[in-house]
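For the record, in the sequence shown the residue sitting at position 42 is 42 according to UniProt numbering, with numbers rising by one throughout. All remarks here apply to the structure that follows.
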Amino acid sequence: MSYEIIIGRNDKDARVYGSSASSLIGKQYITMGVTTSLGNEIMLDILRPHVVLIAGKRGSGKSYTMGVIAEALASAPSEVAENITSLIIDTMGIFWTMKSPNYKEADILKNWGEEPRAFTNVRVFVPKGYFEKLKEDNPTMIDEPFSISVSDISSTEWSDIFGFSMNSEEGVLIERAVSNLAETKKNFDIDDIIEDIKSELAQDTVKDVCIGRFESAKGWGLFEKDGTKIEDLLKPAYINVLDISLYSHSTGPFSIRALVIGLLSRKVLEIREIQRRAEEMEEMNRVVEENKKAIPLVWMFIDEVHEFLPAGGITAASPELSRLVKEGRQPGIGLVIATQQPGKLDTDIITQSDIIISQHVTAKIDIDALNQVMQSYMSSTIERYLANLPKLPGACIIMDDNSERIYPTQIKPRLTWHGGETPKSLQKPPAKPA
């Protein structure tokens, strides 16, 4: 007889809420003798936020699993879903496909008692400068433009983007211009910065270099005087996809993608801290009602997180994203982060993850990183657990820090189309000889 295992749920919540506010993400592998079969349902606790780390080598199914978790959140009962929002920072441009049914795995879904379906509660945002062209090319793929307020970017961040030292003549000039505008204007745009630079006392060659960089930044289609409000990216009961795959390149040592992730991490944390204080006041005054939250619990999804939180390194995302990982759960922010190189990820981030999903990790540096975190309650090594798994897509082990247990698991098939599959030179297999 099978039963439900709720990953991430503590004993108190299990007694009070039972299996409410949990969603199916897979089934447990049960081994009896030489026979391995699927048994207990593996549910993810979505009552409270968690930090979920998905680790696996390239092609092991990390982005697929991220999609399964996003589907689980968005398809929860309305009384739960309306208090949750998912924000997927799409660095590869693959999650817009959640608007389409997963017909290619219809037979597999049937075995799980499900069928392909599109999600209508998906919104895809792209940088405003590219919106019209992308919308014209594929009207169903794109929904909304987004942009970043220039006034939200510090002089340090501008210097990092442009590859200047803060102590260089260019860095000092940018710092003066941005500081002047911050003191005199609530909001300003890049043209305002350029005009202030022109009026500063500095060598013309230094001014020209800085102005040239800011003129170039205008062409990125990302920065505006009044950027997208963070509230507009956090629609309750929706999967909000922020596609920044167009910025796969870096400018100097700092990438535009890292800048976006850092700014969003800060904004999400700020707005949820304000919302959480309001919720605490309601609870203290005993006026708690089951109403939709003004700003719902936020689950952020970030792939290839080692690029933004590297061990022994720093990026434009590092300070704010690291703070979000360490402090985000208390104000109501969950994180689903994936990496193919856990050994190159900041160790503090691994230790803050209360749920780890490991899919076919093979490099010694990566295995050692996971072994170090989970060795307190593992009866064997990560290698042994992974070696005992069937060689199937979606096979993994789930390490639940709450229960201090490890579950061999088969991740369930996606309901929506997976856009992260590696392209093939043949679209269908050749016909078999008669």
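Cβ coordinates follow ideal geometry from the N, Cα and C atoms, glycine included.
Taking Cβ to Cβ, would you say Thr228 is nearer than 8 Å to Phe146? yes
Let me see if you follow: with CB-CB separation under 8 Å, is Lys412 close to chain B or not? The chain inventory of the structure shown lacks chain B, comprising one protein chain alone.
So if DSSP puts Gln359 in a beta bridge, which residue, or which two residues, is it bridged to? Gly56
Go ahead and pull the three-state DSSP assignment for Pro253. Only weak support exists for where Pro253 lies, its pLDDT of 45 falling under 50; the coordinates are left without a value.
Short Cβ contact (8 Å threshold) for Ile69 with Ile7: no
Work out the CA separation of Arg9 and Arg15 for me, nearest whole Å. 10 Å
Measuring straight from C-alpha to C-alpha, what distance separates residue 444 and Val52? The requested residue 444 is not part of the displayed model; the chain covers only 1 to 434.
Do you know how far the Cα of Thr409 is from the Cα of Pro101? 24 Å
So does the region 230-248 actually touch the region 85-95, counting three or more Cβ pairs closer than 8 Å? yes
Could you tell me if Asp366 is buried or exposed, where buried requires 16 or more neighbouring beta carbons within 10 angstroms of its beta carbon? buried
Buried or exposed: where does Ile42 fall if 16 or more other Cβ atoms within 10 Å of its Cβ makes it buried? buried
Measuring alpha carbon to alpha carbon, tell me which residue in Gly129, Asp13, His360, Thr416 is nearest Gln341. His360
Smallest Cα separation from Thr351: which of Leu73, Ala311, Ser37? Ala311
Through-space distance from Trp158 to Gly252, alpha-carbon basis: With a pLDDT of 46 at Gly252, under the threshold of 50, the modelled position of that residue is not reliable, and the figure given next carries that caveat. Approximately 11 Å, taken between the alpha carbons.
Please list the segments of the beta strand (DSSP E) lying wholly inside the region 225-273, counting only runs of 3 or more residues, in order along the chain. 239-243
Would Ile271 be called buried (16 or more neighbouring beta carbons within 10 Å of its own) or exposed? buried
Local conformation of Arg414 per DSSP, three classes: coil
So Phe119 and Ala74 are supposed to be a Cβ contact under 8 Å. How far apart are they, rounded? 6 Å
Just the C-alpha distance for Leu38 and Gly394, rounded to the nearest angstrom, thanks. 13 Å
Limits of the alpha helix (DSSP H) - the one that Asp191 falls within: 190-199
Is Leu264 buried or exposed, if buried means 16 or more other CB atoms sit within 10 Å of its CB? buried
Distance between beta carbons of Ser23 and Glu4, contact taken as under 8 Å: Glu4 to Ser23, Cβ: 11 Å. No contact.
Does Ala316 come out as helix, strand or coil in the three-state DSSP assignment? coil
Can you have a look at Ala294 and say buried or exposed, based on whether 16 or more other CB atoms are within 10 angstroms of its CB? exposed
Per DSSP, Tyr29 is paired with what? Leu38
Please check the pair residue 466 and Leu222, which I expect to be a contact at CB under 8 Å, by giving their CB distance rounded to whole angstroms. Outside the displayed range of the chain (1 to 434) lies residue 466, so it cannot be described from this structure.
Rounding to the nearest angstrom, what Cα-Cα distance links Thr416 and Asn285 in this structure? 43 Å
Between Thr97 and Gly419, how many whole angstroms is the CB-CB distance? I'm expecting something under 8 Å. 4 Å
Measure the CB-CB distance between Gly171 and Ser165 and report whether it falls below 8 Å. yes
Closest Cα partner of Cys396 within the set Ser403, Asn402, Lys412, Glu404: Lys412
Starting from Arg329 and walking both ways along the beta strand (DSSP E), at which residues does that stretch end? Taken as a continuous stretch (DSSP letters only), Arg329 belongs to no beta strand (DSSP E), as it is neither H nor E.
Can you tell me the Cβ-Cβ gap for Arg323 and Leu242, rounded? I've got them flagged as a contact below 8 Å. No, Arg323 and Leu242 are not in contact; Cβ-Cβ is about 19 Å, not under 8 Å.
Let me know if Leu386 comes out buried or exposed under the rule of 16 or more other beta-carbons within 10 Å of its beta-carbon. buried
Hey, would you say Ser358 sits closer than 8 Å to Ile382, going by beta carbons? yes
DSSP on Tyr103, reduced to helix/strand/coil? helix
Nearest neighbour of Glu224, chosen from Asp189, Ile197, Lys235, Gln203 [CA to CA]: Asp189
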